[in-house]
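Enquirer:
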Ligand SMILES: [Ca+2]
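This is the structure we're talking about:
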């Protein structure tokens, strides 16, 4: 989206941005339409997913913030037979946890029939004293599960805080537990603050967040915000992300760099929509809605890439890099940068590229029958 701007100074600035941007791969600009249509979803009559047997599967706690690609990630984690989805924390990002938790209970327990996972609301807060926020219209839509029609689940959420759920699961699966973060890092940072032993019990954290050798997506997605270098999940609670990056826990990061390489198109959505399972039906309906919001025949699946990277890391090219997070307020807040000097963080790697077709094949493969 290009606005008409007449000021010579602004034109010079734009020329500067254009010249400097030539050094980095050009990113398609994706904007989110704040006016979202209601989706009438018709659940399949066969809503029983395969029974999970936790042994020999990767135990995962998922910290997500309710965007369509978080929902894709959640579906993948539920259906992937190599993963034991033990916990879900609805985090303070696109969702406001206390508002969104009801719809997530409806989705996980009522719609997917997935009783094996503990679902709780994360903190309606940030660790950073100078946090940022996703646009309010996005948050309202995420809290309402994008208008999807879901069964009204009558049970209550777990009474655990997000931090306590992480700590409990790390004690249950010491040195095996993987944390997937596809929203802000707030709840894991709070857990690390609460339990000094926690970092040694977590096997790794897989993250969708940051932008290493490409532009950020904040201004590109939402022109009112001026940040050009950061990615939403990190920028919203930069201090929380820094505490996770600097914790010493091994991190596998899907930054913005490989995201545009994987395009989920309408043909793929139709193929998934033809699968007679509720997870597939709902995802296909939501993806079809996204094509309309973006006015494109494909979408990026940021958070789903990170979910797939948990058990299919070979589908990505990894670069070992001592990354950390800028927390200073200003134009670089939330930027993921290389640490100066010898300052540790050699436990971190990020994906620079993705094997696009194989990633999509894997996303489709989790739908039974295999
Ligand atoms: Ca997300």
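Residue numbers (this note's numbering): 1 to 370. The C-beta atom is built at its ideal place from N, Cα and C for all residues, glycine as well.
Out of 100, 186, 163, which has the shortest C-alpha to C-alpha gap to residue 138?
Expert: Here the question's residue 138 lines up with position 138 in the chain shown. Taking only the C-alpha atoms, the option nearest residue 138 is 100.
Enquirer: For a test of the three-state rule: what should DSSP assign to residue 200, helix, strand or coil?
Expert: Residue mapping note: residue 200 aligns to position 200 of the chain shown, counting from 1. Residue 200 falls in the helix class under three-state DSSP.
Enquirer: In angstroms, rounded to a whole number, what distance separates the CA positions of residue 182 and residue 233?
Expert: As a working note, residue 182 is residue 182 in the chain shown. As a working note, residue 233 is residue 233 in the chain shown. Whole-angstrom Cα-Cα distance: 7 Å.
Enquirer: Identify the continuous alpha helix (DSSP H) that holds residue 140 and give its terminal residues.
Expert: Within the chain shown, residue 140 is the residue found at index 140, counting from 1. From DSSP, the alpha helix (DSSP H) with residue 140 extends over 136 to 143.
Enquirer: Within 7 Å: the Cβ of residue 94 and any heavy atom of ligand 1?
Expert: Residue mapping note: residue 94 aligns to position 94 of the chain shown, counting from 1. Yes; taking the cut-off as 7 Å, the Cβ of residue 94 has a heavy atom of ligand 1 nearer than that.
Enquirer: Using only the heavy atoms of ligand 1, determine whether one of them is closer than 7 Å to the beta carbon of residue 72.
Expert: Position 72 of the chain shown, counted from the first residue, corresponds to residue 72. Not so, every heavy atom of ligand 1 lies at least 7 Å from the Cβ.
Enquirer: Per DSSP, what are the beta-bridge partners of residue 59 in this structure?
Expert: Against the chain shown, residue 59 aligns to sequence position 59. For residue 59, which the question treats as bridged, DSSP gives the partners 84.
Enquirer: Tell me which same chain residues have a C-beta within less than 7 Å of the C-beta of residue 76, skipping the five on either side of it?
Expert: Position 76 of the chain shown, counting from 1, holds the residue named residue 76. Once the five neighbours on either side are set aside, the close Cβ partners of residue 76 are 304, 307, 308, 363, 366.
Enquirer: Does the distance between the C-beta of residue 122 and the nearest non-hydrogen atom of ligand 1 fall short of 7 Å?
Expert: Residue numbering aside, residue 122 sits at position 122 when the chain shown is read from its first letter. Checking every heavy atom of ligand 1 against the Cβ of residue 122, none is found closer than 7 Å.
Enquirer: Looking at ligand 1, does it come within less than 7 Å of residue 327, judged from the CB to the closest heavy atom?
Expert: Within the chain shown, numbered from 1, the residue matching residue 327 stands at position 327. It does not: the Cβ of residue 327 is nowhere closer than 7 Å to a heavy atom of ligand 1.
Enquirer: In the DSSP assignment, find the unbroken beta strand (DSSP E) run with residue 267 in it and report its ends.
Expert: Position 267 of the chain shown holds residue 267. Unbroken run through residue 267 is the alpha helix (DSSP H), 266 to 273; no beta strand (DSSP E).
Enquirer: What span of residues does the beta strand (DSSP E) with residue 351 cover, start to end?
Expert: As a first step, residue 351 is located in the chain shown; it is residue number 351 there, counting from the start. Run containing residue 351: 348 to 354, per the beta strand (DSSP E) assignment.
Enquirer: Look up residue 233 in the DSSP assignment and say whether it is helix, strand or coil.
Expert: By one-based count along the chain shown, residue 233 stands at place 233. Helix.
Enquirer: Tell me which residues share the same chain as residue 106 and place their Cβ nearer than 7 Å to its Cβ, disregarding the 5 neighbours each side in the sequence.
Expert: In the chain shown, counting from the first residue as 1, residue 106 sits at position 106. Only 150, 151, 152, 153 meet the Cβ criterion.
Enquirer: For residue 359, does the count of other Cβ atoms within 10 angstroms reach 16, so buried, or fall short, so exposed?
Expert: Your numbering for residue 359 matches position 359 in the chain shown. Counting Cβ neighbours within 10 Å, residue 359 comes out buried, since at least 16 surround it.
Enquirer: Looking only at its chain, what residues have a beta carbon closer than 7 Å to the beta carbon of residue 248, apart from the 5 residues adjacent to it on each side?
Expert: Residue 248 sits at position 248 when you count from the first residue of the chain shown. Closer than 7 Å at Cβ, skipping near neighbours: 199, 347.
Enquirer: Which of the three DSSP states, helix, strand or coil, is assigned to residue 64?
Expert: Here residue 64 refers to the residue found at position 64 of the chain shown. Here residue 64 sits in strand by DSSP.
Enquirer: Counting pairs of Cβ atoms below 8 Å between the stretch 84 to 103 and the stretch 56 to 75, do you hit three or more?
Expert: Contact between the stretch 84 to 103 and the stretch 56 to 75 is present, because at least three Cβ pairs lie under 8 Å.
Enquirer: In the DSSP assignment, find the unbroken alpha helix (DSSP H) run with residue 171 in it and report its ends.
Expert: The sequence position of residue 171 within the chain shown is 171, counting from 1. 162 to 172 is the span of the alpha helix (DSSP H), which, as asked, contains residue 171.
Enquirer: For residue 227, verify whether its CB is less than 7 Å away from any heavy atom of ligand 1.
Expert: The residue labelled residue 227 in the question sits at position 227 within the chain shown. No, since every heavy atom of ligand 1 falls outside the 7 Å radius drawn around the Cβ of residue 227.
Enquirer: Going by the CB atoms, is the gap between residue 351 and residue 317 shorter than 8 Å?
Expert: As a first step, residue 317 is located in the chain shown; it is residue number 317 there, counting from the start. As a first step, residue 351 is located in the chain shown; it is residue number 351 there, counting from the start. Contact flag set, yes.
Enquirer: Is there at least one non-hydrogen atom of ligand 1 closer than 7 Å to the beta-carbon of residue 303?
Expert: Position 303 of the chain shown holds residue 303. Yes, the beta carbon of residue 303 sits closer than 7 Å to at least one heavy atom of ligand 1.
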